[in-house]
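Undergrad:
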DNA sequence: CTTGACCCTGGACAGTACTCCACCCTCCAG
DNA sequence: CTGGAGGGTGGAGTACTGTCCAGGGTCAAG
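Chains as they are written, first to last, in this note's numbering: chain A, 269 to 385; chain R, 269 to 385.
#1: Of all the CB atoms in chain R, is at least one closer than 9 Å to the CB of residue 368(A)?
#2: Of the choices 352(A), 317(A) and 322(A), whose alpha-carbon is the least far from that of residue 335(A)?
#3: Report the rounded CA-to-CA distance for residue 356(R) versus residue 367(R), giving the unit in angstroms.
#4: What does DSSP give as the partner residues of residue 305(R) in its beta bridges?
#5: Would you tell me roughly how many angstroms separate the C-alpha atoms of residue 461(A) and residue 374(A), rounded to the nearest one?
#6: Using the Cα positions of residue 314(R) and residue 296(A), report the straight-line distance between them to the nearest angstrom.
#7: Looking at chain A, which residues of the segment 308 to 339 of chain R have a Cβ within less than 7 Å of any of its Cβ atoms?
#8: On the CB-based measure, 16 or more other CB atoms within 10 Å of its CB, does residue 288(R) come out buried or exposed?
#9: Would you kindly report the start and end of the unbroken alpha helix (DSSP H) that includes residue 270(R)?
#10: Residues of the segment 281 to 294 of chain A in Cβ contact with chain R at a cutoff of 8 Å, in chain order, please.
#11: For chain A, is any of its Cβ atoms less than 9 Å away from the one on residue 355(R)?
#12: Please state the DSSP three-state secondary structure of residue 281(R).
#13: If you draw a straight line from the C-alpha of residue 329(R) to the C-alpha of residue 319(R), how long is it?
#14: Distance check for residue 371(R) and residue 351(A), CA to CA, integer angstroms please.
#15: Quick one: residues in its chain with C-beta nearer than 8 Å to the C-beta of residue 323(R), no 5 flanking neighbours on either side, listed in chain order?
#16: By DSSP, does residue 362(A) sit in helix, in strand, or in coil?
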């Protein structure tokens, strides 16, 4: 599909997609007229990219694991592994948030000294 | 205290502290010789800043609520309120992560099509 | 008085993630 | 054939969050 359609399907701008391609996050073939031609898998891939980004990964990291993935002979297995890693990360982050929450909750109502100088 | 001590106590660099001061995130008096003089409260305040940052607030937002706070007559009450807001935010974020986790967990082991083109 | 640790300022530079622009080409409908 | 939507490129610009540096002042110890 061409860039406009992909932009419509993902909610990303054309500029962002071109930017992602430049940084190696997205691959495309070219049509005879020079237009980019994205495969349909680009849609779930971009969903995955946004997920990973939400988890705090930089685009460079995401591109790296993506390249690793497509190079692996056992892509499905590697992907499952990656997902398991991400799940662990989510669990860690959730625990962090819980700790933060407890800390803050413990202070609500107390006249604690956190105001700037 | 002077900038070096604050840097030591918070783990931030002097440059970062000066940067925070420029952006209004941190306030200091000046000693007769021109050196910055930070109040001891700067330490918990910076801890709070890091917390808020971890929650996804930009430094500008943190500075804004900080200014608002120090202007408020009922600082302790406002702070508790802020904390309650942050707790709600944490809960929302935790729920998001849980959803993401469930999504990923459901896919582990399946040969799902998320590889880049 | 010199040395070294520490502080000051202003400004350049960096990495991340976009966003916008000028200028040009392609394609299809009317 | 023309107009307009949509595509391409290179490059500049932006916002955020720092980081580094040159050039220079301050201060206490030896």
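We treat Cβ as the ideally placed atom computed from N, Cα and C, and that holds for glycine.
TA: Here's the rundown:
#1: yes
#2: 317(A)
#3: 17 Å
#4: 297(R)
#5: There is no way to answer for residue 461(A), as the model of chain A reaches only from 269 to 385.
#6: 45 Å
#7: 309, 310, 312, 313, 316, 319, 334, 337 and 338
#8: buried
#9: Unbroken run through residue 270(R): none, as it is neither H nor E.
#10: 293 and 294
#11: yes
#12: coil
#13: 13 Å
#14: 10 Å
#15: 354, 357, 358 and 361
#16: helix
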